[in-house]
Amino acid sequence: MSLSKRVDQARKAFRKGDPKLAAAAHDPKVIHRSMEKHGGVETQFIGEMVYGGLDGIITTFAVVAGVAGANLGANVVLILGLANLLADGFSMAIGSYLSTKSEQEFYAREKQRETWEVEHYPEGEKAELYELYLSQGYAEADARTMVEIKAKDHDLWVNAMMLEELGMLEDTSHPLKNGLATFISFIIAGVLPLVVYLLSLILPIPAGVAFPASMVLSGLALFGLGAAKVLATQNNPWRSGLEMLLVGGLAAGVAYVVGALLKGIGGG
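Using the numbering used here, read the sequence shown as starting at 161 and increasing by one per residue.
In structure tokens, the structure reads:
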């Protein structure tokens, strides 16, 4: 059993209140085997893909709703929708890339500083770590023991200072892959509200059908991705799906009302 599957089993046991399932997930042999297998393909991009997809649907459908409210026609929907889809998708991907990269660079700089301090002021760093453990409620003897254990290994000591003093954990994800995952999911999910309008270019779809069909398709996609968000958050899928459907519906509703109020400006 991999580490991710063992954690999923433990979460399932907690949700069900099943002590037997929890015990199975915490069996020493199972834990040992999961640690041996750790390092394989994990679900590190699930969050980027789900949230990128949700943003893609909400922003694109908001554009579709705004144009529909202004009664500007399918051609305007496609122009604005596709322009928004590509521009926002690229912007989100760049944002994800730069955010991950910046956090990793900041972590590296702080780790370099902590490493220098451990090497040049070991007693001062020990005193800092000791006080940090005391502030967390550890007894003095236990705090001193923990400091001495950490100080035996240079890397463990530096990592302890990063976590305990600065509250920082290393992000090992790949910035470029994060950005690509965000962009791809944004484009794939964001194009769904435009599918009916794209089909209208080659099929005789009545004008009054396109927007309701887009609304239904977007609503289903919003609910599905909202439910899929539990892969990252471990919340109730029905509640998560309904929440995203409500948020997306409100955003589209606001856009539709604004479009309707300003339709005279666009010649609608």
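Even glycine gets a Cβ: it sits at the ideal position worked out from N, Cα and C.
Does DSSP put P397 in a helix, a strand or coil?
-> DSSP places P397 in helix when its eight states are reduced to three.
Separation of G368 from S333, as counted between CA atoms | Answer to the nearest angstrom: the Cα atoms are 46 Å apart.
If you follow the alpha helix (DSSP H) that N125 is part of, which residue opens it and which one closes it?
-> With the chain running from 161 to 428 in the structure shown, residue 125 is simply not present.
6 Å Cβ shell around V223 - same chain, five flanking residues per side excluded | Exclusion of the five residues before and after V223 leaves L240, G241 and N244 as the residues of its chain whose Cβ lies within less than 6 Å of its Cβ.
Within the same chain, show all residues whose beta-carbon is closer than 7 Å to that of Y416, passing over the 5 residues directly before and after it, in chain order.
-> Answer for Y416: A225, G226, A228 and G229, listed in chain order.
Would you mind sorting W398 into buried or exposed? The rule is 16 or more other CB atoms within 10 Å of its CB.
-> Classification for W398: exposed.
Mind checking which residues open and close the alpha helix (DSSP H) that includes V351?
-> Element bounds for V351: n/a, residue is neither H nor E.
Cβ shell of G199 (< 6 Å), same chain only, five flanking positions each side left out = Its pLDDT being 44, under 50, G199 is placed unreliably by the model, and the measurement read from it follows with that caveat. Correct list: empty, nothing qualifies.
Return the chain-ordered list of same chain residues with a C-beta closer than 8 Å to the C-beta of L402, the five sequence neighbours on each side being excluded.
-> The residues are F383 and G386.
Whose C-beta lies closer than 6 Å to the C-beta of I347 among residues of the same chain, with five residues either side of it excluded?
-> Counting only Cβ-Cβ distances below 6 Å, and skipping sequence neighbours, we find G249.
Give a yes or no on whether the C-beta atoms belonging to P335 and K271 are separated by under 8 Å.
-> Taking a C-beta distance under 8 Å as the contact criterion, P335 and K271 do not qualify as a contact pair.
So, do the region 314–331 and the region 269–286 have three or more beta carbon pairs nearer to each other than 8 Å?
-> The region 314–331 makes contact with the region 269–286, as at least three CB pairs between them are under 8 Å.
By DSSP, does M321 sit in helix, in strand, or in coil?
-> Look at M321 here: in three-state DSSP terms it is helix.
Sequence-distant residues of its chain with Cβ nearer than 6 Å to D331 (five each side left out) = Only E263 and Q264 meet the Cβ criterion.
For A253, which residues of its own chain have a beta-carbon under 6 Å away from its beta-carbon, when the five flanking residues on both sides are left out?
-> Excluding sequence neighbours, A253 sits near G339, T342 and F343.
Can you name, in chain order, every residue of its own chain whose Cβ lies under 6 Å from the Cβ of G428, other than the five neighbours on each side?
-> The predicted model places G428 with a pLDDT of 49, which falls under 50 and marks its position as unreliable; any figure quoted below should be read in that light. Excluding its 5 nearest sequence neighbours in each direction, G428 has C-beta neighbours in its own chain below 6 Å: A230, N231 and L232, listed in chain order.
Taking all protein chains shown into account, decide if Y293 is buried (16 or more other Cβ within 10 angstroms of its Cβ) or exposed.
-> Buried, because 16 or more other Cβ atoms sit within 10 Å of the Cβ of Y293.
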